[in-house]
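Q: Here it is, the structure in full.
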Amino acid sequence: GDKFASRYAQKGVIGSILPEELMPRTEHGVIPDIIVNPHAVPSRMTIGHLIEMYVGKCMVMDPDGFGTFFDASIESNDIKNFKTKYLESDIPVLENMIDPGTGMSTGTAFVGVCYYTALQHQVEEKMFYRINGNINAISKQPTEGKSKNGGLRIGEMEKDALIAHGVENIIQDMFKNNTDSMDIRFCNIC
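Residue numbers for the sequence shown follow the numbering used here, so the first one is 276 and each next one is one higher.
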């Protein structure tokens, strides 16, 4: 649930964290830190992201490479030499990935080095739950707002997701038992 982003507006949310022994690896044993959906780059048209990954990979694979473009001593010839040395080299763009469980190839993937940073949207700050709390006297529903220890609003999409997962008991609790249910007394005489 934590949110991360690269320098190219490629933001995303962590969907799963796996131990290293379950992660796919390259034929050389490199285990990726992040696996990104391949549809993310063409949909956002962030080609600079791919270029950074490839240039970062070139720097890692070349022990003589310089680490930054942001140096006063770099001249235009240095950039031309860089282009000749790396961008026209035979450093592979795609790597064969191996499933650690079976040892079999799972296909190829674009593997490179890219800077990612954590954004402020972290699970610990967003997480909220309510066991009991204030109830609105008129509607008999929980008060609104995290600051008032209010209830969480379950919208149409959240409700549909719960239905799709087949959790009828949770839906019954959220929409009936734990919200505005109340006892009503009837008189049998009148």
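We treat Cβ as the ideally placed atom computed from N, Cα and C, and that holds for glycine.
(1) According to the Cβ coordinates, are residue 380 and residue 324 closer than 9 Å?
(2) Are the Cβ atoms of residue 382 and residue 372 separated by less than 9 Å?
(3) Assuming residue 407 contacts residue 418 under a Cβ cut-off of 8 Å, what Cβ separation, rounded to an integer in Å, is found between them?
(4) Is it buried or exposed for residue 370, if we count other Cβ within 10 angstroms and need 16 for buried?
(5) Sorted by chain position, which residues of the same chain lie with C-beta nearer than 6 Å to residue 302's C-beta, five sequence neighbours on each side aside?
(6) Determine the extent of the alpha helix (DSSP H) in which residue 316 is found, giving its start and end residues.
(7) For residue 459, which residues of its own chain have a beta-carbon under 6 Å away from its beta-carbon, when the five flanking residues on both sides are left out?
(8) Contact between the segment 311–328 and the segment 387–396: three or more CB pairs below 8 Å?
A: Result, derived from the coordinates:
(1) Their beta carbons are not under 9 Å apart, which means residue 380 does not touch residue 324 by this criterion.
(2) Taking 9 Å as the Cβ cut-off, residue 382 and residue 372 qualify as a contacting pair.
(3) That pair is no contact at about 12 Å.
(4) Taking all protein chains shown into account, residue 370 has 16 or more neighbouring C-beta atoms within 10 Å of its C-beta and is therefore buried.
(5) Closer than 6 Å at Cβ, skipping near neighbours: 371.
(6) Looking at the DSSP string, the run of the alpha helix (DSSP H) that includes residue 316 is 315–319.
(7) A distance below 6 Å between beta-carbons, with the five flanking residues on each side excluded, links residue 459 to no residue of its chain.
(8) Contact between the segment 311–328 and the segment 387–396 is present, because at least three Cβ pairs lie under 8 Å.
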